[in-house]
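Student: Dumping the structure here so I can ask a few things about it.
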Amino acid sequence: DIFRDHELSGVAKALWVLALIIFPLIGSLIYIIVRGPSMAERSARAAAASKAEFDDYIRQTAATGGGAGAAGAAGAGPVDDLHRLAALRDSGTITEEEFQAMKARVVST
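In terms of my numbering, the sequence shown opens at residue 27 and continues consecutively.
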C-alpha cells in the first residue's frame, strides 16, 4: 500500500518503511490507524478501474465477435457470413455451386 500510494512523497514512504522495519508491530498498527481510510479508498478506486477495463474489454470483444469457439467461427451474423462466402467465391476459393449451397445453409438458419 505504501508504494502504490501516489499521494505520499518519497520521503514519507521512506519514513513509513523505516518505522515498519524498526517497530514492526507498533508501526503496523499506527499505519493502519493513520492510513486506514485512505487504504480503503485506494482499493475501491483500483477495483472500479479494473472493473471498467474488464467491461470495456468485454464490450470490444462482443462487438467484434472475436471469441474462440462457435461465436468466433460463426461471425457476428448471417450477413457477415454471406460477405465472407462472397469473398471466397470472388477469390476463386469456392465455386458458384458451393457458394449457393453454403448460402442456402446460412439463410435457412
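Where is the CB? At the ideal position from N, CA and C, for every residue including glycine. Here the structure is a predicted model, which means the values were calculated and not measured.
#1: Measuring only the C-alpha atoms, how far is residue 41 from residue 56?
#2: Rounding to the nearest angstrom, what Cα-Cα distance links residue 116 and residue 125 in this structure?
#3: From residue 78 to residue 60, what does the alpha carbon distance come to, in whole angstroms?
#4: Go through its chain and collect everything with a Cβ distance to residue 39's Cβ below 6 Å, but skip five positions before and after it.
#5: Go through the segment 43–92 residue by residue and report every complete run of the alpha helix (DSSP H) that reaches 4 residues or more, in order.
#6: Taking buried to mean at least 16 other C-beta atoms within 10 Å of its own C-beta, is residue 44 buried or exposed?
#7: Check residue 41 in the structure and name its three-state DSSP category.
Tutor: In brief:
#1: As a working note, residue 41 is residue 15 in the sequence shown. As a working note, residue 56 is residue 30 in the sequence shown. C-alpha separation (whole angstroms): 13 Å.
#2: Position 90 of the sequence shown, counting from 1, holds the residue named residue 116. Position 99 of the sequence shown, counting from 1, holds the residue named residue 125. Cα to Cα, residue 116 sits roughly 10 Å from residue 125.
#3: Locating residue 78 in the sequence shown gives position 52, counting from the first residue. Locating residue 60 in the sequence shown gives position 34, counting from the first residue. Residue 78 and residue 60: Cα-Cα distance of roughly 29 Å.
#4: On the sequence shown, residue 39 is found 13 positions in, with the first residue counted as 1. The answer, listed in chain order, is 28.
#5: 50–90
#6: Locating residue 44 in the sequence shown gives position 18, where the first residue counts as 1. It counts as exposed.
#7: By 1-based counting over the sequence shown, the position of residue 41 is 15. Residue 41 falls in the helix class under three-state DSSP.
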